[in-house]
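**Student:**
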């Protein structure tokens, strides 16, 4: 069964490029981005892991840990990491799970037989500090991920967890946000949003983004 939003991300113990780790313990109180790759030494994945490494500071600002996965063994990962560092001009600074027994792939439904019955699909999960799945995205093997979109969603999730707002289409950090329809009390609205709001429709009320 595939994971759904709000499900607890399954815990596991698995080998990785940095040694054996237990996922929930490794994640701790951080947010997590777990993303899978069809195989080592594949071109799109090489660019993705390099880009993820370069996002180290962006992830750190948001309290996010990244962890990748493929079904290849640890020694293959170590050789691949050398290629990634060389070709992407970076240093891989996060674990790559060596899921040779497909234990994690089965837990996270990463083998899609109609796409390929041996390789993992290009799936990504954003997991919050309560270990709940907050975002799932699955890309075809031919299409690299948009990590700017992943950062945008994390910004939205962290903002909307703390304020009674939602983020509109194409929202970027700093843009106006939507006051949730369930918030009706005008006194509470004035307290929560001292900069005021504009009502495009009674159900569509826009307000400056609150400070995080």
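In my numbering, the protein residues as written are 2 to 213. Cβ coordinates follow ideal geometry from the N, Cα and C atoms, glycine included.
(1) With 16 other CB atoms within 10 Å as the buried threshold, where does residue 195 fall?
(2) Does residue 98 pass the burial test, meaning 16 or more other C-beta atoms within 10 Å, or should it be called exposed?
(3) Within this structure, are the beta carbons of residue 65 and residue 125 separated by less than 8 Å?
(4) Going by Cα to Cα distance, which pick from 132, 157, 149 and 210 is closest to residue 24?
(5) Looking only at its own chain, which residues have a Cβ that is under 6 Å from the Cβ of residue 45, when we skip the five neighbours before and after it?
(6) Taking its Cβ as the centre, do 16 or more other Cβ atoms sit within 10 Å of residue 199, making it buried, or is it exposed?
(7) Given a cut-off of 8 Å, decide if residue 155 and residue 27 are closer than it, judged by their beta-carbon atoms.
(8) From residue 73 to residue 179, what distance separates their C-alpha atoms?
(9) What's the C-alpha gap between residue 76 and residue 207?
(10) From the DSSP output, in three-state form, read off residue 175 for me.
(11) On the criterion of 16 or more Cβ atoms from any shown chain inside 10 Å, does residue 173 qualify as buried, or is it exposed?
(12) What are the uninterrupted segments assigned as beta strand (DSSP E) that are 3 or more residues long and contained completely in the stretch 100-164, given in chain order?
(13) Within this structure, are the beta carbons of residue 53 and residue 148 separated by less than 8 Å?
(14) In terms of DSSP beta bridges, what is residue 97 paired with?
(15) Note the first and the last residue of the continuous beta strand (DSSP E) segment covering residue 33.
(16) Considering just the uninterrupted stretch of the alpha helix (DSSP H) at residue 55, what are its terminal residues?
(17) Quick check: is any heavy atom of the ligand FMN less than 7 Å from the C-beta of residue 17?
(18) Kindly indicate which three-state DSSP category residue 1 falls into: helix, strand or coil?
(19) Mapping the DSSP letters down to three states, classify residue 166 as helix, strand or coil.
(20) Quick check: what's the CA-CA separation for residue 43 versus residue 62?
(21) By the three-class DSSP mapping on this structure, what secondary structure does residue 23 have?
**Tutor:** On the basis of the coordinates in this document:
(1) As a first step, residue 195 is located in the chain shown; it is residue number 194 there, counting from the start. Around the Cβ of residue 195, a 10 Å sphere holds fewer than 16 other Cβ atoms; the residue is exposed.
(2) Reading the chain shown from its first residue, position 97 is the one you call residue 98. Residue 98 is buried by the Cβ-count criterion.
(3) Counting from one through the chain shown, the residue named residue 65 turns up at place 64. Counting from one through the chain shown, the residue named residue 125 turns up at place 124. Cβ atoms of residue 65 and residue 125: not closer than 8 Å.
(4) Counting from 1 along the chain shown, the entry for residue 24 is found at position 23. Per the Cα distances, 132.
(5) Here residue 45 refers to the residue found at position 44 of the chain shown. Counting only Cβ-Cβ distances below 6 Å, and skipping sequence neighbours, we find 145.
(6) Looking up residue 199 in the chain shown gives position 198. Residue 199 counts as exposed, since fewer than 16 other beta carbons sit within 10 angstroms of its beta carbon.
(7) Against the chain shown, residue 27 aligns to sequence position 26. Against the chain shown, residue 155 aligns to sequence position 154. In this structure, residue 27 lies away from residue 155, with their beta-carbon atoms at least 8 Å apart.
(8) Counting from 1 along the chain shown, the entry for residue 73 is found at position 72. Counting from 1 along the chain shown, the entry for residue 179 is found at position 178. Each residue's Cα considered, the two are about 44 Å apart.
(9) Your numbering for residue 76 matches position 75 in the chain shown. Your numbering for residue 207 matches position 206 in the chain shown. If you take the alpha carbons of residue 76 and residue 207, they lie about 52 Å apart.
(10) For the purposes of this step, residue 175 is taken as the residue at position 174 of the chain shown. In this structure, residue 175 counts as coil in the three-state DSSP scheme.
(11) Within the chain shown, the letter at position 172 stands for residue 173. Exposed is the call here.
(12) The stretch 100-164 is shown to contain whole beta strand (DSSP E) runs of 3 or more residues at 123-128 and 134-140, in chain order.
(13) Against the chain shown, residue 53 aligns to sequence position 52. Against the chain shown, residue 148 aligns to sequence position 147. Yes; because the gap between Cβ atoms is below 8 Å, this pair is in contact.
(14) By 1-based counting over the chain shown, the position of residue 97 is 96. 69, per the DSSP bridge assignment.
(15) Numbered from 1 along the chain shown, position 32 holds the residue referred to as residue 33. Segment 32-37, the beta strand (DSSP E) holding residue 33.
(16) Position 54 of the chain shown, counting from 1, holds the residue named residue 55. In this chain, the alpha helix (DSSP H) harbouring residue 55 covers 44-55.
(17) Here there are no bound small molecules, and the ligand FMN is not part of this structure.
(18) Nothing can be reported for residue 1, as the shown portion of the chain is limited to 2 through 213.
(19) One-based indexing of the chain shown puts residue 166 at position 165. Reduced to three states, the DSSP call for residue 166 is strand.
(20) Indexing the chain shown from 1 puts residue 43 at position 42. Indexing the chain shown from 1 puts residue 62 at position 61. As the crow flies, the alpha-carbon of residue 43 is around 29 Å from that of residue 62.
(21) Counting from 1 along the chain shown, the entry for residue 23 is found at position 22. Correct three-state label for residue 23: strand.
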